[in-house]
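Counting with the UniProt record's numbering, you get residues 1 to 198 for the letters of the sequence shown.
Comments concern the structure below.
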Amino acid sequence: MPQRPVVGVLLAAGRGSRFDAAGVVNKLLAPLPDGTPVAVQAARHLKQALGDVVAVVPAAATHGAQVDQLAALLGEAGCEVLRCADAARGMGASLAAGVAARPQAGGWIIALADMPWIACETITQVANALDPHHCVAPFHAGQRGHPMGFGADFFAGLTSLDGDEGARRLVDPAKLIRIASGDAGILRDVDTPADLAG
(Lines of atoms letter the chains of each structure in order from A and count residues from 1; the text may use other names and numbers.)
(Lines give C-alpha, C1' and ligand atoms only; values in the text may rest on other atoms or scores of the structure.)
Protein backbone atom coordinates (compact mmCIF):
# COMPACT_ATOMS: atom_id res chain seq x y z
CA MET A 1 0.00 0.00 0.00
CA PRO A 2 1.53 3.37 -0.96
CA GLN A 3 2.38 5.79 1.80
CA ARG A 4 -0.07 8.68 2.15
CA PRO A 5 1.47 11.96 0.99
CA VAL A 6 2.61 14.68 3.34
CA VAL A 7 0.76 17.96 2.79
CA GLY A 8 2.00 21.50 3.30
CA VAL A 9 -0.14 23.94 5.27
CA LEU A 10 0.91 27.56 4.69
CA LEU A 11 -0.40 29.92 7.35
CA ALA A 12 -1.06 33.26 5.65
CA ALA A 13 -3.84 34.69 7.79
CA GLY A 14 -1.95 36.87 10.29
CA ARG A 15 -2.40 40.63 10.49
CA GLY A 16 1.29 41.55 10.68
CA SER A 17 0.73 44.50 13.02
CA ARG A 18 4.45 44.85 13.80
CA PHE A 19 5.14 45.39 10.10
CA ASP A 20 2.56 48.18 9.73
CA ALA A 21 0.70 49.22 12.86
CA ALA A 22 -1.81 51.16 10.74
CA GLY A 23 -2.78 47.96 8.95
CA VAL A 24 -2.41 49.52 5.49
CA VAL A 25 0.36 47.26 4.18
CA ASN A 26 0.08 43.47 4.35
CA LYS A 27 3.62 42.22 4.97
CA LEU A 28 2.89 39.03 3.05
CA LEU A 29 2.49 41.11 -0.11
CA ALA A 30 5.65 43.15 0.52
CA PRO A 31 8.33 42.57 -2.12
CA LEU A 32 11.62 40.86 -1.39
CA PRO A 33 14.73 42.34 -3.07
CA ASP A 34 13.97 40.39 -6.29
CA GLY A 35 10.38 41.70 -6.36
CA THR A 36 8.71 38.45 -5.28
CA PRO A 37 6.08 38.94 -2.57
CA VAL A 38 7.04 37.39 0.79
CA ALA A 39 4.19 34.87 0.89
CA VAL A 40 4.63 33.85 -2.74
CA GLN A 41 8.25 32.85 -2.17
CA ALA A 42 7.29 30.87 0.95
CA ALA A 43 4.50 29.17 -1.03
CA ARG A 44 6.75 28.31 -3.98
CA HIS A 45 9.32 26.66 -1.74
CA LEU A 46 6.66 24.62 0.05
CA LYS A 47 5.00 23.63 -3.24
CA GLN A 48 8.30 22.62 -4.82
CA ALA A 49 9.15 20.41 -1.86
CA LEU A 50 5.74 18.81 -1.25
CA GLY A 51 3.46 19.20 -4.25
CA ASP A 52 0.20 19.55 -2.30
CA VAL A 53 -0.14 22.80 -0.34
CA VAL A 54 -3.15 24.34 1.39
CA ALA A 55 -2.69 28.08 1.98
CA VAL A 56 -4.91 29.48 4.72
CA VAL A 57 -5.92 33.13 4.32
CA PRO A 58 -8.54 35.20 6.14
CA ALA A 59 -12.05 35.59 4.80
CA ALA A 60 -12.07 38.67 2.55
CA ALA A 61 -14.91 40.22 4.52
CA THR A 62 -12.62 40.69 7.49
CA HIS A 63 -9.48 41.85 5.68
CA GLY A 64 -10.51 43.49 2.40
CA ALA A 65 -8.98 43.71 -1.05
CA GLN A 66 -5.42 42.84 -0.02
CA VAL A 67 -6.62 39.38 0.98
CA ASP A 68 -8.14 38.89 -2.46
CA GLN A 69 -4.78 39.81 -3.99
CA LEU A 70 -2.94 37.48 -1.60
CA ALA A 71 -5.35 34.62 -2.34
CA ALA A 72 -4.94 35.11 -6.09
CA LEU A 73 -1.13 35.12 -5.87
CA LEU A 74 -1.05 32.01 -3.69
CA GLY A 75 -3.41 30.27 -6.11
CA GLU A 76 -1.09 31.19 -8.99
CA ALA A 77 1.79 29.70 -6.98
CA GLY A 78 -0.05 26.37 -7.03
CA CYS A 79 -1.67 26.34 -3.60
CA GLU A 80 -5.23 25.42 -2.80
CA VAL A 81 -6.43 28.59 -1.08
CA LEU A 82 -8.65 28.12 1.96
CA ARG A 83 -10.46 31.20 3.26
CA CYS A 84 -10.78 30.80 7.01
CA ALA A 85 -13.73 32.66 8.49
CA ASP A 86 -12.26 32.13 11.97
CA ALA A 87 -8.78 33.48 11.12
CA ALA A 88 -9.28 36.55 13.30
CA ARG A 89 -9.39 34.23 16.32
CA GLY A 90 -5.70 33.45 15.86
CA MET A 91 -3.13 31.07 14.45
CA GLY A 92 -4.66 28.00 16.09
CA ALA A 93 -7.93 28.42 14.21
CA SER A 94 -6.11 28.84 10.88
CA LEU A 95 -3.86 25.87 11.51
CA ALA A 96 -6.81 23.66 12.46
CA ALA A 97 -8.68 24.65 9.30
CA GLY A 98 -5.69 23.93 7.07
CA VAL A 99 -5.08 20.48 8.53
CA ALA A 100 -8.80 19.64 8.46
CA ALA A 101 -8.78 20.33 4.71
CA ARG A 102 -6.52 17.27 4.22
CA PRO A 103 -7.71 14.64 6.74
CA GLN A 104 -6.27 11.72 4.76
CA ALA A 105 -2.72 13.09 4.61
CA GLY A 106 0.17 11.07 5.94
CA GLY A 107 1.27 14.16 7.83
CA TRP A 108 1.39 17.93 7.62
CA ILE A 109 4.24 20.38 7.29
CA ILE A 110 3.15 23.62 8.96
CA ALA A 111 4.87 26.63 7.43
CA LEU A 112 4.53 30.35 8.05
CA ALA A 113 4.02 32.63 5.06
CA ASP A 114 6.28 35.30 6.57
CA MET A 115 9.31 32.97 6.44
CA PRO A 116 10.35 33.08 2.76
CA TRP A 117 13.98 32.06 3.21
CA ILE A 118 13.48 28.41 4.20
CA ALA A 119 15.18 26.27 1.55
CA CYS A 120 13.16 23.67 -0.36
CA GLU A 121 15.71 21.06 0.69
CA THR A 122 15.01 21.77 4.36
CA ILE A 123 11.28 21.26 3.85
CA THR A 124 12.01 18.00 2.04
CA GLN A 125 14.23 16.84 4.93
CA VAL A 126 11.45 17.51 7.43
CA ALA A 127 8.93 15.63 5.26
CA ASN A 128 11.26 12.67 4.72
CA ALA A 129 11.88 12.30 8.46
CA LEU A 130 8.17 12.27 9.29
CA ASP A 131 6.30 9.17 10.40
CA PRO A 132 2.73 8.82 11.73
CA HIS A 133 3.71 8.89 15.40
CA HIS A 134 6.22 11.76 15.60
CA CYS A 135 6.67 15.43 14.94
CA VAL A 136 9.78 16.80 13.26
CA ALA A 137 11.59 20.10 13.63
CA PRO A 138 14.75 21.52 12.09
CA PHE A 139 17.33 23.03 14.44
CA HIS A 140 19.95 25.62 13.52
CA ALA A 141 22.61 26.92 15.92
CA GLY A 142 20.79 25.16 18.77
CA GLN A 143 17.44 26.85 18.07
CA ARG A 144 14.29 25.14 16.90
CA GLY A 145 13.00 26.60 13.66
CA HIS A 146 10.32 26.13 11.05
CA PRO A 147 8.62 24.40 9.38
CA MET A 148 7.31 21.84 11.83
CA GLY A 149 6.12 18.46 10.64
CA PHE A 150 3.37 16.44 12.33
CA GLY A 151 2.55 12.80 11.64
CA ALA A 152 -0.96 11.49 11.01
CA ASP A 153 -1.48 10.63 14.70
CA PHE A 154 -1.58 14.37 15.47
CA PHE A 155 -4.72 15.02 13.39
CA ALA A 156 -7.13 15.27 16.33
CA GLY A 157 -4.82 17.54 18.30
CA LEU A 158 -4.09 19.83 15.36
CA THR A 159 -7.73 20.19 14.35
CA SER A 160 -8.75 21.03 17.92
CA LEU A 161 -6.46 24.08 18.10
CA ASP A 162 -8.10 27.49 18.38
CA GLY A 163 -7.36 31.10 19.20
CA ASP A 164 -3.73 32.16 19.43
CA GLU A 165 -2.69 28.67 20.48
CA GLY A 166 -0.17 27.24 18.07
CA ALA A 167 0.85 23.60 17.88
CA ARG A 168 3.59 23.98 20.52
CA ARG A 169 1.51 22.25 23.23
CA LEU A 170 1.29 19.15 21.03
CA VAL A 171 5.07 18.76 20.84
CA ASP A 172 6.17 16.08 23.29
CA PRO A 173 10.00 16.09 23.47
CA ALA A 174 9.89 12.28 23.54
CA LYS A 175 8.11 12.26 20.17
CA LEU A 176 10.13 15.03 18.53
CA ILE A 177 12.57 14.12 15.78
CA ARG A 178 15.28 16.78 15.65
CA ILE A 179 17.01 17.53 12.36
CA ALA A 180 20.28 19.46 12.39
CA SER A 181 20.13 22.08 9.66
CA GLY A 182 22.62 24.48 8.13
CA ASP A 183 19.69 26.56 6.85
CA ALA A 184 19.56 29.86 8.75
CA GLY A 185 16.28 30.59 6.93
CA ILE A 186 14.45 28.34 9.40
CA LEU A 187 14.85 31.10 12.01
CA ARG A 188 14.27 34.15 9.82
CA ASP A 189 10.90 35.86 9.44
CA VAL A 190 9.57 39.21 8.31
CA ASP A 191 8.36 41.37 11.19
CA THR A 192 9.39 44.84 10.00
CA PRO A 193 10.21 46.44 6.63
CA ALA A 194 13.92 46.23 7.51
CA ASP A 195 13.63 42.42 7.54
CA LEU A 196 12.93 42.37 3.79
CA ALA A 197 16.57 42.95 2.88
CA GLY A 198 18.27 39.89 1.44
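C-beta: ideal position from N, C-alpha, C; glycine also.
All values reported here derive from a predicted model rather than from experimental measurement.
- Three or more pairs of CB atoms, one per stretch, sit closer than 8 Å, so the stretch 144 to 152 contacts the stretch 175 to 192.
- Counted as a single uninterrupted DSSP element, the beta strand (DSSP E) harbouring Cys-135 occupies residues 135 to 140.
- According to the DSSP assignment, Met-91 belongs to the alpha helix (DSSP H) that extends over 91 to 100.
- The way I'd put it, the stretch 104 to 113 doesn't touch the stretch 77 to 85; fewer than three beta-carbon pairs between them come closer than 8 Å.
- Secondary structure of Cys-120 (DSSP, three-state): helix.
- DSSP, read as helix, strand or coil, puts Gly-78 in coil.
- C-alpha of Pro-138 to C-alpha of Met-91: approximately 20 Å in a straight line.
- In the structure shown, Arg-168 falls within a helical segment according to DSSP collapsed to helix, strand and coil.
- Rounded to whole angstroms, Leu-73 and Glu-121 show a C-alpha spacing of 23 Å.
- Look at Pro-5 here: in three-state DSSP terms it is coil, with no helix or strand label.
- For Val-40, no beta strand (DSSP E) segment is defined; the enclosing uninterrupted segment is the alpha helix (DSSP H) at 38 to 50.
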